[in-house]
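Converting from the sequence shown to the working numbering requires adding 2 to each position, the first position being numbered 1. In this text, a Cβ means the ideal position worked out from N, Cα and C, and glycines have one as well. Everything on this sheet refers to the single structure shown next.
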Amino acid sequence: MTWEEGLSSGGGAVRLLAIGRGYVARRLAGTHSPESGRPDLTVKDPTVPGPAVLGATHRPDGAPRQPGDIRFGDTAAIAPLLERATHLLVSVPPDADGDPTLRWLGADRLAGTAGLRWIGYLSSTGVYGDHGGAWIDETAPLNPVGQTAERRALAEAEWLAARTPAGGRRGLPVTVFRLSGIYGPGRSAFDALAAGTARRIDKPGHVFCRCHVDDICAVLRRSMAGAGAGAAPIYNVADDLPAPQRAAVEYAAGLAGVEPPPLTPYDPGALPPGLRRFYEACRRIRNDRIKQDLGVRLLYPTFREGLRAIALEEGRTRPGLDPG
């Protein structure tokens with residue numbers, strides 16, 4: 003689906019301001035067409051080292067201008083871009099005090115931006131914590147485990163609270179997207195296999211939920227277009243098949259024609275803390291709401307379709323193998 007098709011029901015010009023230049027934001031930006039306008043700016047995550055070049059503005063004909071040099075927190079520089087924005091995507095990670103983007107821009111300033119009709123905050127299904135493998139939807143209680151998940155839950159609460167009018171300001175048009183494990187081109191089991199970092203860990207009964215980045219972008223486009231306007235403020239974004247981590251690694255290895263890594267029993271003491279936390283939580287994420295409210299039809303309903311598409315795009319398949 004093209005950007006124009008994804009937003010055709012929304013009407014009017016689309017001027018997206020993306021704060022945070024992570025994998026999803028960059029992939030979403032790539033779906034813009036010159037006619038509909040590319041993102042005005044991608045603002046650098048302040049926690050990531052590197053140049054302060056944050057993005058590039060584009061003329062209506064798509065010709066790039068010089069890259070912007072706006073640092074996160076530069077209110078004077080962001081002001082004119084914010085004033086022009088119709089849509090705001092926030093993917094900067096939270097910190098100990100909540101969401102740094104909301105602190106920087108402020109609910110009052112955002113509420114006073116007349117043309118701003120959509121704010122999307124990218125969160126994680128990690129806020130649910132462990133539910134013993136049960137199927138859960140957006141109404142499930144949060145049980146964040148670990149600093150990252152706790153901070154996500156705090157940032158979510160701040161954005162959701164800003165939906166309510168307060169002190170004379172309007173409520174903000176915020177939607178929270180709880181993303182499952184993100185994979186896609188350049189970020190899949192193929193890359194782990196090639197780098198020698200892939201693992202096959204055997205923990206019977208344990209599953210992960212995941213979603214291809216292009217399906218995440220489709221959800222965002224449908225929401226931005228106004229599909230499901232007035233619907234729930236939170237959406238789970240996951241594919242249809244929770245599956246063991248080893249299954250995706252084995253399938254990718256088969257497509258690539260390489261041997262999968264050895265199968266090792268689950269041993270929490272042998273895993274890095276971050277990976278261990280993933281295995282301590284098990285849940286199956288329901289995605290009914292994105293289908294019912296937003297009319298989303300997943301391009302890659304399971305990891306198999308997603309990995310086959312990546313194999314074709316990246317030339318990962320072994321000679322003679324039909325990835326279809």
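*Taking the alpha-carbon positions, what's the threonine 319 to arginine 248 distance?*
Taking the sequence shown and counting its residues from 1, the one referred to as residue 319 is at position 317. Taking the sequence shown and counting its residues from 1, the one referred to as residue 248 is at position 246. Their backbone Cα atoms lie some 19 angstroms apart in a straight line.
*Where does alanine 65 sit, in a helix, a strand or coil, going by DSSP?*
Residue numbering aside, residue 65 sits at position 63 when the sequence shown is read from its first letter. Confidence is the limiting factor: at alanine 65 the pLDDT is only 43, short of 50, which leaves the residue's position unreliable, though a coordinate-based value still follows. Three-state DSSP puts alanine 65 in coil, outside helix and strand.
_Identity of the residues DSSP links to aspartate 204 by a beta bridge_ = As a working note, residue 204 is residue 202 in the sequence shown. Aspartate 204 is bridged to Pro267.
*What does DSSP give as the partner residues of tryptophan 386 in its beta bridges?*
An answer regarding residue 386 cannot be provided, because it is not within the stretch 3 to 326 covered by the chain.
*For tyrosine 302, which option in Phe179, Gly256, Cys219, Ala272 has the closest C-alpha, if you only look at C-alpha atoms?*
Against the sequence shown, residue 302 aligns to sequence position 300. Of the candidates Phe179, Gly256, Cys219, Ala272, the one whose C-alpha sits nearest the C-alpha of tyrosine 302 is Cys219.
_Exposure of leucine 309, with buried meaning 16 or more beta-carbon neighbours within 10 Å_ = The residue you call residue 309 lines up with position 307 of the sequence shown. Buried.
*For arginine 212 versus serine 190, is the C-beta distance shorter than 7 angstroms?*
Locating residue 212 in the sequence shown gives position 210, counting from the first residue. Locating residue 190 in the sequence shown gives position 188, counting from the first residue. The answer is no: Cβ separation not under 7 angstroms.
*So who's on the other strand from cysteine 213, going by DSSP bridges?*
For the purposes of this step, residue 213 is taken as the residue at position 211 of the sequence shown. Partner(s): Ile184.
*asked:* Need the endpoints of the beta strand (DSSP E) that alanine 20 sits in, please.
replied: On the sequence shown, residue 20 is found 18 positions in, with the first residue counted as 1. Segment 18-21, the beta strand (DSSP E) holding alanine 20.
_Per-residue burial, glycine 122 [other beta carbons within 10 Å of its own, 16 or more giving buried]_ = Position 120 of the sequence shown, counting from 1, holds the residue named residue 122. Its Cβ being crowded by 16 or more others within 10 Å, glycine 122 is buried.
*Three-state secondary structure (DSSP) of arginine 310*: Position 308 of the sequence shown holds residue 310. Arginine 310: helix per DSSP, three-state reduction.
*Leaving out the 5 sequence neighbours to the left and right, which residues in its chain are closer than 8 angstroms to alanine 87 when beta-carbon positions are compared?*
Counted from its first residue, the sequence shown places residue 87 at position 85. Excluding sequence neighbours, alanine 87 sits near Arg17, Leu18, Leu19, Asp42, Thr115, Gly117, Leu118.
_Segment limits, beta strand (DSSP E) that includes valine 251_ = The residue you call residue 251 lines up with position 249 of the sequence shown. Here valine 251 belongs to no beta strand (DSSP E); instead the alpha helix (DSSP H) covers 247-258.
*Taking the Cβ atom as the reference point for each residue, do valine 178 and glutamate 158 lie within a distance shorter than 7 angstroms?*
To locate residue 178, count along the sequence shown from 1; it is residue 176. To locate residue 158, count along the sequence shown from 1; it is residue 156. It is a contact, given that the beta carbons lie within the stated cut-off.
*Look up proline 53 in the DSSP assignment and say whether it is helix, strand or coil.*
Sequence index remark: in the sequence shown, residue 53 carries index 51 (1-based). Reliability fails at proline 53, whose pLDDT of 35 lies under 50, so the model's placement of it is uncertain and no value is given.
*asked:* Please report the distance separating the alpha-carbon of phenylalanine 192 from that of tyrosine 25.
replied: Reading the sequence shown from its first residue, position 190 is the one you call residue 192. Reading the sequence shown from its first residue, position 23 is the one you call residue 25. Between phenylalanine 192 and tyrosine 25, the C-alpha separation is close to 17 angstroms.
*Would you kindly work out how many angstroms separate the C-alpha atoms of leucine 243 and isoleucine 184, rounded to a whole number?*
The count along the sequence shown starts at 1 and reaches residue 243 at position 241. The count along the sequence shown starts at 1 and reaches residue 184 at position 182. Answer to the nearest angstrom: the Cα atoms are 14 angstroms apart.
*asked:* So, does the region 276-294 touch the region 198-211, judging by three or more C-beta pairs under 8 angstroms?
replied: yes
*With a cut-off of 7 angstroms, does the C-beta of proline 267 fall near any C-beta of chain C?*
In the structure shown, chain C does not exist; there is a single protein chain.
_For alanine 1, which residues in the same chain have their Cβ closer than 8 angstroms to its Cβ, ignoring the five residues on either side in sequence?_
The chain is shown from 3 up to 326; residue 1 falls before or after that span and cannot be answered.
*Which residue's Cα is closest to the Cα of tyrosine 281: Glu315, Gly198, Val147, Gly259?*
Residue mapping note: residue 281 aligns to position 279 of the sequence shown, counting from 1. Per the Cα distances, Val147.
_Beta carbon of valine 129 nearer than 7 angstroms to that of alanine 151_ = Counting from 1 along the sequence shown, the entry for residue 129 is found at position 127. Counting from 1 along the sequence shown, the entry for residue 151 is found at position 149. It is a contact, given that the beta carbons lie within the stated cut-off.
*If you check the beta carbons only, do aspartate 101 and glutamate 140 fall under 7 angstroms apart?*
Residue numbering aside, residue 101 sits at position 99 when the sequence shown is read from its first letter. Residue numbering aside, residue 140 sits at position 138 when the sequence shown is read from its first letter. No, the pair does not count as a contact, with Cβ atoms beyond the cut-off.
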